[in-house]
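Residue numbers (my numbering), protein chains in the order written: chain A, 42 to 511; chain B, 202 to 479.
So this is what it looks like as structure tokens:
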């Protein structure tokens, strides 16, 4: 008899929009056991190739099946330091679950849910062990940024025995995991737990250090760091360059999410960072950041939150489950609609948005049908808060202050895709800074490759030194 | 890591000078750059301009005037108390190339920020004239120090209790009649910077203003500090804070600075700390 896919319980929408507690509640043990049994023994495990970090997925699921949950977490951590995070935010249906053999006939094995279960079980059990570490090499490595790429790189390199220091620009480590992804999707203690583990592994984290400003990459080499891994992300928000975009009440998604996630403006005035939110909120864009923004806005209790997207539902780049969550929570969607200008009141606050209706034409470079405005379809929407979630560019600080570091026209650092090696000796890069914007797990996959390359670089560098002596 | 206050001096009512131990932020500090600080663990991040630094001691000098909740908390700190966070230097340094005669104008607490710029301009061989503006004599800041650096210093007060009676622009207009000026930098309240820019525009004198936009991260990530310069949106945190005063949309800046005034009032009411207030 076939076992049906095990649903993961979630908080009811009416309750969860009142706070920032996590929405999906995770599998109970029984459900995890049932789900683990859906994984086929002896299939060719295409899922492993579907995973950007190559987790031995059947092996960890097998451990769950035999009720060795800590063992399952250990398998995961061999490949991925942050399973509790990836189990929650990975786009599994585009990766491991997309190629699952079971998935050809019905729903795929819920790999992400199982990953989360094993990682959470380990964390809550208190039996989290420091991974096996190689003896200290005495080599110093600097990591710039403490987001997914930085944390992964730090873990890999620390395990290889190197002395790792992470430099973080903000006052708190975690990067996009703390300023960008909301707590109802990724609780803060999950991240803190991973950061504590890194510290136990001897990784030093220096906050309030903007590399490129506080110190340059060249300064790091002068200070005795032998290699640098740049994982600064794609932190520069895009705007549309349309009239009225600088009106009060028009935010970038980064600003809006940072105020709430990192600075906890939802707790104002107990927390001193405010966030202005009106009654009618418009979120522009339909990526994951737009979903995060709309659901965050919903929790601040406005009358209405509407997502405006210039293409149709099918083209929306967000994870389908995130749009589902947003809709369950009462976020409205207006597809094939694009703002053309914002209208302000006498105090320079946004009070309206002129939109144009769109239709889909021929496929563009991205393979998606390109939207074009329908002439004469302009109309005014009444809105008093706008969040622009249009994607990100690359922060220019590292590029401007690191001579010889090659970037493309968009400022994305050019690397060898297999190693993350940049045009500067000893400088490697991973994450959104080399892609211009992708996912947590892709950043982690690149960081793993870069860490391996850095390790090999240091070994050969060592050899060269030894050779020079003789 | 805490950032202790090493020295504190009251310069005027509600205005203090603080020496803050933040060694990392001093390493590459240049005139015109700023830091972001958080005073308490639940505090907001605010940008502060820098009026000097000592790399050996690892200290930054900041001049703070209490205008809201966070700045009020700052001026109420005592020697030995610590700031929660200090990060910097941020932004681009001010223009200090050799160009001839430079006029630096400081309004209120902005006077602190012109001191390192004046120093560097003098070092590079410019003739430097400082102008300090304040409402009244008791609010004139840093005059002696500026006199020690600049070739000439003029003071204006609204009530005429010290120096010229009038505004900094009255003093500047007088100077422009007397000698050729090649560069003007003004730091202070927006109306002052706007008036200075309007005055120098017909003379076609390069004029820089330091824009104190609202910021959250201060590193280009959030875009809260968007300012319109020459019809184009710029980020004050990474492209500024100094911009060409003749190109800045000051009216928009004023509106955007006021965005959180009602919240600021609420935070002040709940503060319970003495001093400050608008």
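Where is the CB? At the ideal position from N, CA and C, for every residue including glycine.
Check                                                                                                                                                                             : Outcome
Could you have a look at residue 492 of chain A and say whether DSSP puts it in helix, strand or coil?                                                                            : helix
Under 8 Å between beta-carbons, which chain A residues line up against residue 417 of chain B? List them in chain order, please.                                                  : 296, 299, 300, 304 and 314
Would you mind reading off the limits of the beta strand (DSSP E) that contains residue 436 of chain B?                                                                           : 433-436
Closer than 9 Å by beta-carbon distance: list the chain A residues that pair up with residue 271 of chain B, in chain order.                                                      : 313
Which residue or residues does DSSP assign as beta-bridge partners of residue 460 of chain A?                                                                                     : DSSP lists no partner for residue 460 of chain A.
Counting only beta-carbon separations shorter than 8 Å, does residue 337 of chain A have a partner in chain B?                                                                    : no
Could you please tell me which residues of the region 236-259 of chain A, in chain order, have their CB closer than 7 Å to any CB of chain B?                                     : 249, 250, 251, 254, 255 and 256
Any idea if residue 383 of chain A is buried or exposed, counting beta-carbon neighbours within 10 angstroms, 16 or more meaning buried?                                          : buried
Can you grab the Cα-Cα spacing for the pair residue 149 of chain A / residue 169 of chain A, in whole Å?                                                                          : 29 Å
Quick check on DSSP: helix, strand or coil for residue 266 of chain B?                                                                                                            : strand
Report the partner residues of residue 289 of chain A according to the DSSP bridge assignment.                                                                                    : A:390
Give me the Cα-Cα distance between residue 400 of chain A and residue 261 of chain B, rounded to the nearest whole angstrom.                                                      : 57 Å
At 8 Å on the CB atoms, spell out the chain A contacts of residue 287 of chain B, in chain order.                                                                                 : 249
Say whether chain B places a C-beta atom closer than 8 Å to the C-beta of residue 309 of chain A.                                                                                 : yes
So what's residue 414 of chain A in DSSP terms, helix, strand or just coil?                                                                                                       : strand
I need the straight-line Cα distance from residue 494 of chain A to residue 195 of chain A, nearest angstrom please.                                                              : 13 Å
What residues are listed by DSSP as bridge partners for residue 269 of chain A?                                                                                                   : A:183 and A:468
Output yes or no for whether 8 Å exceeds the beta carbon distance between residue 290 of chain A and residue 391 of chain A.                                                      : yes
Short of 6 Å in beta carbon distance, which residues of its chain neighbour residue 283 of chain B, apart from the five on each side in sequence? Order them along the chain.     : 203, 204 and 205
Would you say residue 337 of chain B lies against chain A (beta-carbon separation less than 8 Å)?                                                                                 : no
Between residue 44 of chain A and residue 142 of chain A, what straight-line distance do the alpha-carbon atoms span, to the nearest angstrom?                                    : 15 Å
Answer yes or no: does any C-beta atom of chain B fall closer than 8 Å to that of residue 280 of chain A?                                                                         : yes
Using the rule of at least 16 other Cβ atoms within 10 Å of the residue's Cβ for burial, across every protein chain shown, is residue 55 of chain A buried or exposed?            : exposed
Helix, strand or coil for residue 165 of chain A per DSSP?                                                                                                                        : helix
In angstroms with no decimal places, state the Cα-to-Cα distance between residue 292 of chain B and residue 452 of chain B.                                                       : 22 Å
Using a Cβ-Cβ distance cut-off of 8 Å, determine whether residue 437 of chain B contacts chain A.                                                                                 : no
For residue 228 of chain B, which residues in chain A fall below 9 Å Cβ to Cβ?                                                                                                    : 255, 256 and 260
For the structure I just gave you, are there three or more beta carbon pairs, one from the region 445-460 of chain A and one from the region 151-158 of chain A, closer than 8 Å? : no
Taking 8 Å as the CB-CB cut-off, is residue 438 of chain A touching chain B?                                                                                                      : yes
If the cut is a Cβ gap below 7 Å, which residues of chain A does residue 467 of chain B touch?                                                                                    : 310
Quick one: give me the first and last residue of the alpha helix (DSSP H) that residue 109 of chain A is part of.                                                                 : Premise fails: residue 109 of chain A is in no alpha helix (DSSP H) and is neither H nor E.
Quick check: residue 121 of chain A and residue 98 of chain A, are their CB atoms within less than 8 Å of each other?                                                             : no
Using beta carbons (cut-off 8 Å, strictly below), is residue 310 of chain B in contact with chain A?                                                                              : no
Which same chain residues, not among the five before or five after residue 512 of chain A, have their C-beta less than 7 Å away from its C-beta?                                  : Coverage of chain A is limited to positions 42 through 511, which leaves residue 512 of chain A absent and any answer about it impossible.
Excluding the 5 residues flanking residue 213 of chain B on each side, which residues of the same chain have their C-beta closer than 7 Å to its C-beta?                          : 339, 340 and 342
I'd like to check one pair, residue 334 of chain A with residue 294 of chain A: are the Cβ atoms closer than 8 Å?                                                                 : yes
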